[in-house]
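The structure appears below as structure tokens.
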Ligand SMILES: [Zn+2]
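Residue numbers (the numbering used here): 140 to 351.
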């Protein structure tokens, strides 16, 4: 069966970068996201041929239209964040999205983001704990241009230069890999580099012994 030649446009109005999508019938597909200042991006989706394994080395091929594939992808990209979930992806009726389609998508995205912000406001009122505010809710508030007390994590983290684990700024020793990041501070609390080195050697010797 030849690959069908039909194609449709999957449109994204959100700056979100999506990980590649995978399907057995097309492999891997990168969904396009609008560049800065662009209102939308289009990913062209083509029809494919799927294969069903019937057992006994028999298979059956079937055509999947470009529209079916695009609708399936749009559902997947939009629908993982609860009721009314919408992340700005839709299938255009024509090759390019119309102004009406774009306006409709912008309205749906704004409504969903406003809902997320309301949920975050309620959570903040209840707990005053930024840990309970999701990345999705923060992103929604930023995209709506809102200032919220829960937008900022009061305890930002830095990257350990040795192991790249997220750690609190100003710590003397990385909790993940044990690297001494502030020699003076470490020494003040009795965590001198000399001591750690000797511990390291002892461990190495032990491991050597274990191998022998
Ligand atoms: Zn580390």
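For each residue, glycine too, the CB sits at the ideal point set by N, CA and C. Source: prediction; values computed, not measured.
Per DSSP, which one or two residues make a beta bridge with residue i?
{"i": "residue 201", "result": "189"}
{"i": "residue 258", "result": "DSSP lists no partner for residue 258."}
{"i": "residue 329", "result": "According to DSSP, which records beta bridges pairwise, residue 329 is partnered with nothing at all."}
{"i": "residue 146", "result": "185"}
{"i": "residue 229", "result": "150"}
{"i": "residue 305", "result": "298"}
{"i": "residue 134", "result": "The shown model of the chain, from 140 to 351, leaves out residue 134, and the question about it has no answer."}
{"i": "residue 319", "result": "312"}
{"i": "residue 180", "result": "151"}
{"i": "residue 194", "result": "197"}
Is it the case that the Cβ atoms of residue i and residue j are separated by a distance below 7 Å?
{"i": "residue 201", "j": "residue 186", "result": "no"}
{"i": "residue 225", "j": "residue 248", "result": "yes"}
{"i": "residue 303", "j": "residue 312", "result": "no"}
{"i": "residue 151", "j": "residue 257", "result": "no"}
{"i": "residue 184", "j": "residue 216", "result": "no"}
{"i": "residue 180", "j": "residue 167", "result": "no"}
{"i": "residue 289", "j": "residue 242", "result": "no"}
{"i": "residue 285", "j": "residue 220", "result": "no"}
{"i": "residue 199", "j": "residue 208", "result": "no"}
{"i": "residue 146", "j": "residue 205", "result": "yes"}
Report the option in the options whose CA atom is closest to the CA atom of residue i.
{"i": "residue 159", "options": "212, 274 and 305", "result": "212"}
{"i": "residue 296", "options": "306, 287 and 289", "result": "306"}
{"i": "residue 317", "options": "299, 309, 236 and 277", "result": "299"}
{"i": "residue 251", "options": "267, 268 and 218", "result": "218"}
{"i": "residue 164", "options": "203, 273, 153 and 322", "result": "203"}
{"i": "residue 170", "options": "156, 268 and 321", "result": "156"}
{"i": "residue 175", "options": "182, 162, 154 and 195", "result": "154"}
{"i": "residue 231", "options": "277, 210 and 196", "result": "210"}
{"i": "residue 178", "options": "277, 238 and 323", "result": "238"}
{"i": "residue 223", "options": "321, 287 and 244", "result": "244"}
{"i": "residue 315", "options": "323, 301, 328 and 322", "result": "301"}
{"i": "residue 291", "options": "309, 196 and 267", "result": "267"}
{"i": "residue 236", "options": "182, 195 and 308", "result": "182"}
{"i": "residue 320", "options": "310, 327, 329 and 328", "result": "310"}
Assuming residue i contacts residue j (C-beta within less than 8 Å), just tell me the rounded distance between them.
{"i": "residue 271", "j": "residue 262", "result": "5 Å"}
{"i": "residue 240", "j": "residue 283", "result": "With a Cβ gap of about 21 Å, residue 240 and residue 283 do not count as contacting."}
Original post:
Near ligand 1, which residues have their beta-carbon closer than 6 Å to a heavy atom?
Top reply: 299, 301, 302, 304, 313, 315, 316 and 318
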